[in-house]
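Student:
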Amino acid sequence: MLFRVIGALIIAGSFFPVAAETVVLPISGAILNPSARLQARSSTLHPAANPLLLLAAAPPEKVDTSYLLQKVKDWREASVSHEPGMPDDAAVSVGKWNLNDVEIVIDWITELASKSEKTIRRTIARAPIRSRLGLTDEEVQKGNLNRVLKQGALLHTDIALLKLGIHHYIDLKNLHWAFDDGRLSPQPNNPHWEYALRLINEISPSPSKDPMAKQWYVATTAYMLSIRHLAYARKNIDSALKKYPSDSRILLYAGALHETWASPVSQNIQLPPSREPAFESKEKELKQARELYLKAIEEDPDVAEAHLRLGRVLGLLGHPPQAIVELRHAAALSQDRQLSYYASLYLGYEFEMISRFKEARDQYERAAMLYPSAQSPLLALSHLSLSEDNTADAIKTIQEVFTLPRINRKEDDPLWIYDLSYVRDSDELIQNMRDMFGELP
Amino acid sequence: MMKPKQFAWLMIVILIGFRSLFAQITFYTSTGEAHVDVLVTRNGLPVNDLKASDFEVFDNGVRQKIESAKLQLQMPIDAILVFDMSRSIDGELLDHLKDALHELLSDFSEKDRAALIIFNQAVVLGSSLGSNFELVKSALEQTQPSGNSSLIDACYAGLILAKSGSELPLIIVFSDGRDTFSWLTGEMVLETAKRYDSVVYAISTQRRPKKSFLNDLTSLTGGNLFEVEFTGDLASAFLDAIREFRYRYRLAYTPKGVSEEGWHKLDVRVKSKSVTVRYRPGYMRSASDK
Chain Z
187 MLFRVIGALI IAGSFFPVAA ETVVLPISGA ILNPSARLQA RSSTLHPAAN
237 PLLLLAAAPP EKVDTSYLLQ KVKDWREASV SHEPGMPDDA AVSVGKWNLN
287 DVEIVIDWIT ELASKSEKTI RRTIARAPIR SRLGLTDEEV QKGNLNRVLK
337 QGALLHTDIA LLKLGIHHYI DLKNLHWAFD DGRLSPQPNN PHWEYALRLI
387 NEISPSPSKD PMAKQWYVAT TAYMLSIRHL AYARKNIDSA LKKYPSDSRI
437 LLYAGALHET WASPVSQNIQ LPPSREPAFE SKEKELKQAR ELYLKAIEED
487 PDVAEAHLRL GRVLGLLGHP PQAIVELRHA AALSQDRQLS YYASLYLGYE
537 FEMISRFKEA RDQYERAAML YPSAQSPLLA LSHLSLSEDN TADAIKTIQE
587 VFTLPRINRK EDDPLWIYDL SYVRDSDELI QNMRDMFGEL P
Chain R
1390 MMKPKQFAWL MIVILIGFRS LFAQITFYTS TGEAHVDVLV TRNGLPVNDL
1440 KASDFEVFDN GVRQKIESAK LQLQMPIDAI LVFDMSRSID GELLDHLKDA
1490 LHELLSDFSE KDRAALIIFN QAVVLGSSLG SNFELVKSAL EQTQPSGNSS
1540 LIDACYAGLI LAKSGSELPL IIVFSDGRDT FSWLTGEMVL ETAKRYDSVV
1590 YAISTQRRPK KSFLNDLTSL TGGNLFEVEF TGDLASAFLD AIREFRYRYR
1640 LAYTPKGVSE EGWHKLDVRV KSKSVTVRYR PGYMRSASDK
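Protein chains in written order, with our numbering: chain Z, 187 to 627; chain R, 1390 to 1679.
1. For Z/E597, is the classification buried or exposed, using 16 other Cβ atoms within 10 angstroms of its Cβ as the cut-off for buried?
2. Taking only runs of the beta strand (DSSP E) that begin and end inside the segment 1524 to 1557 of chain R, which ones reach a length of at least 3 residues, in chain order?
3. Is Z/L572 close to chain R? Criterion is C-beta to C-beta, closer than 8 Å.
4. Can you look up R/T1581 in the DSSP assignment and give me helix, strand or coil?
5. Would you list the residues sitting across from R/Q1453 in a DSSP beta bridge?
6. For Z/Q617, collect the residues of the same chain with a Cβ closer than 6 Å to its Cβ; drop the 5 residues on either side in sequence, then sort them by chain order.
7. How far does the beta strand (DSSP E) with R/G1651 in it extend, from its first residue to its last?
8. Does R/S1675 have its Cβ less than 8 Å from a Cβ in chain Z?
9. Please go through the same chain and pick out, in chain order, the residues whose beta-carbon is closer than 6 Å to the beta-carbon of Z/A509, but skip the five residues on each side of it.
10. Which residues in chain Z sit within 7 Å of R/I1549, going by Cβ to Cβ distance?
11. At 3 residues or longer, what runs of the beta strand (DSSP E) sit wholly inside the segment 1593 to 1644 of chain R?
12. Helix, strand or coil for R/M1673? Go by DSSP, reduced to three states.
13. Rounded to whole angstroms, what's the CA-CA distance from Z/S434 to Z/H515? Just pull it up for me.
14. Report back the beta-carbon spacing between Z/H493 and Z/L472 to the nearest angstrom; my notes put them in contact at under 8 Å.
15. If contacts are defined as beta-carbon pairs under 8 Å, then Z/A277 and Z/L350 qualify, I think. What distance do you get, rounded to the angstrom?
16. Establish whether the CB of Z/T577 and some CB of chain R are separated by less than 8 Å.
17. For R/T1620 and chain Z, any beta-carbon pair shorter than 8 Å?
18. What does R/Y1545 reach in chain Z if we use C-beta pairs closer than 9 Å?
19. Is DSSP giving R/H1424 helix, strand or coil here?
20. Among residues of its own chain, excluding the 5 on either side of R/D1443, which ones have a beta-carbon nearer than 8 Å to its beta-carbon?
21. Cβ atoms of R/L1494 and R/K1454: under 8 Å apart, would you say?
22. Residues of chain R with CB under 7 Å from Z/S541, in chain order?
23. At a Cβ threshold of 8 Å, is Z/A244 touching chain R?
24. Determine, for R/A1528, whether the minimum Cβ-Cβ distance to residues of chain Z falls below 8 Å.
25. Rounded to whole angstroms, what is the Cα-Cα separation between R/S1675 and R/D1448?
26. What are the partner residues of R/L1505, as DSSP defines its beta bridges?
27. Leaving out the 5 sequence neighbours to the left and right, which residues in its chain are closer than 8 Å to R/D1496 when beta-carbon positions are compared?
28. Do the segment 1538 to 1555 of chain R and the segment 1505 to 1518 of chain R make contact, defined as three or more Cβ pairs closer than 8 Å?
29. Under 7 Å Cβ to Cβ from Z/G320, same chain only, skipping five residues before and after it: list those, please.
30. Just the Cα atoms here: how many angstroms apart are R/S1587 and R/E1445?
31. For a cutoff of 8 Å on Cβ pairs, would you count R/V1471 as touching chain Z?
32. Here's a check: name, in chain order, each residue in its chain whose Cβ is nearer than 6 Å to the Cβ of Z/A560, leaving out the five neighbours to either side.
33. In the DSSP assignment, find the unbroken beta strand (DSSP E) run with Z/R312 in it and report its ends.
34. Going along chain Z, which residues have a C-beta under 7 Å from R/W1572?
35. Among the residues of its own chain, which have a CB less than 7 Å from the CB of Z/Q524, if the five just before and after it don't count?
36. Ignore the nearest five residues each way along the sequence and tell me which others in R/I1469's own chain have a CB closer than 6 Å to its CB.
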């Protein structure tokens, strides 16, 4: 395996503070913004860095492995002593490691875990490695590295979540760009997400059969979506869909990701010449979202959020009657205030589109009652009045928009956080994942 | 004595006759007064010595009698300023925007009025329509840029505010970015703009694709979009916009020989060659506009 650090730039420290509304999108093409404060240095790899050499071409004892073995030992000790969710010494220490060293350990562990049980047994039977991995007799006998992989994955997940990693790098072939209110800037990659993902994917016999691995996928994807880091989320979702193709929650997340890519936030970005967004046109993204929501509903017909989003997407694709059915279904399934607000607002829109103005008004008024601080229902009502040839009422309703109390919170109008509504439980999911992983011996 | 059956037939014939008559009357009746803002330039400079008789207006292909053609230079303006105050308007750009507002308002007479709508994701009335321009300046001074952009919603609010009591409505939109958070769609607001005679000028610090909301809005209302490469040029762009607006003619006519409701395609000509004429492509009339 080649190291991804080759051809990469190492950036010391963080730059471009990311605002809460920033969306990080995957955009293809290798480009460096000349204004970016990048501090590059050539990558320096340790001579024992290639795990293939260690595991295949040459046995460990025939190369100088002392450095690697020490790193494996330190990493393993940190994984074991790390308290889930805590910025403890173990997490802080590994977060400060040179990324080349972390890569060496992750490559080594994942390469080892991907071998047959027999090979694993043979390798870990060697006293130096066995002692450094701290394996039990049973784990040695079974050639099972799952505990090592899971504890390591949690360590790197927490380093990423708690922002303890001090080194970030931008892979020139896989840039992350942040779109922030019309401005585009390169974002440092956080490699600890990638490390955790690689460790999780090596769980045997398969992560698709492991409830902890699934919980990791669900929780971390929800978190990534909740901070609008769509580039990370996509990586997780692409991988999760292969492992859990029938999981309604994963399908919902995947659909929502495509729905977000169809939204103005993504579609309206203006890229430098020769740059291409790594997503499709609005219509194509909406169609993909629709398919994924339909599958999610097929797997679990009682998920209100999936019906809501399917309804919205159907409306945007120009199918108001079908949209109305789904939106009504969503409203009937949930009493949640925020979800009811979306359902009413979008139902109003669909009724307006088919000139059923009375029903549209009822829905918009309901949305306005649910969130009196929201401007969207009032704008909708004003425009509806125009459609009904009532200019005086349209003017009056706009005056109401102007008198809304403004404390400039995103929550004033839930429309502004529609793209996050389905991951409102991300903190809870992360906590559940930590609890689950924390029970490992 | 007429039999009941004969009476019924007679009533039907009368009703059909009345209905046809009304239909005919509705089609050919005159609507309320219509206004068209027209900019006439020769070699890029405004032509300001034209009379009503120099213009020809065709409403849905039917030539109209122009009742007046007033140069707007002589008329008080109601300017609705719609300013983007999202997060990206910061530092030097914000300073230049404030300077530009000062320059713009210094060009206003005491008969002119101005209002300021500020938007990020929220649309806020910073200052209502009035002649106290200090209030407008102060509203901008007190605003801290933050959040994202609901450009389309804000333009809609501007159009509606302009409709609420303005004789000569001008809307000047400033934005550096693109819409990301609006509830209303671009199509909805463009349809609204067709119904009102506001002229929209826009000043943008970003080059926009030809098919963008601001491009469509300004051309649909007969206005203009100024794309500013250097933010230091903002003040001159604002002044260009207001001066161009003042040198427009406001033509008034009472549409005749055309249907009241629906889309009225406009064709405005000047009886002189070598001039360029700019105006809105048409206007929409509905039952409530009669």
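Cβ coordinates follow ideal geometry from the N, Cα and C atoms, glycine included. In this text, all values refer to a predicted model and were calculated from it rather than measured experimentally.
Tutor: The answer reads as follows:
1. Classification for Z/E597: exposed.
2. The qualifying runs do not exist here; there are none.
3. For Z/L572, at least one C-beta of chain R is nearer than 8 Å to its own C-beta.
4. Here R/T1581 sits in helix by DSSP.
5. The partner list for R/Q1453 (beta bridge, DSSP) reads R/V1446.
6. Around Z/Q617: no qualifying Cβ.
7. G1651 to V1659
8. yes
9. Here the set comprises G497, L500, G501 and E536.
10. S568, A580, I581 and I584
11. 1613 to 1616 and 1637 to 1642
12. strand
13. 17 Å
14. The Cβ separation is near 16 Å, so there is no contact.
15. 5 Å
16. yes
17. no
18. L565, S568, H569 and I584
19. strand
20. A1458, V1659, K1660 and S1661
21. no
22. What Z/S541 touches in chain R: nothing, since even the nearest Cβ is about 14 Å away.
23. Only weak support is given to the placement of Z/A244: the predicted model assigns it a pLDDT of 38, under 50, and the value that follows is read from those uncertain coordinates. No, Z/A244 lies away from the interface with chain R (no Cβ there is under 8 Å from its Cβ).
24. no
25. About 16 Å.
26. R/L1470 and R/S1516
27. L1628, I1631 and R1632
28. yes
29. The residues R262 and V266, in chain order, have a CB closer than 7 Å to that of Z/G320 in the same chain once the five nearest residues on each side in sequence are set aside.
30. 21 Å
31. no
32. Cβ neighbours of Z/A560 within its own chain (closer than 6 Å, five residues either side excluded): D599.
33. Boundaries cannot be given for Z/R312, as no beta strand (DSSP E) includes it and DSSP labels it neither H nor E.
34. S562, L565, A566 and L601
35. Within its own chain, the residues whose Cβ lies closer than 7 Å to the Cβ of Z/Q524, once the five positions on either side in sequence are excluded, are P600 and S607, listed in chain order.
36. So the qualifying residues of the chain are A1504, G1547, L1550, A1551 and I1560.
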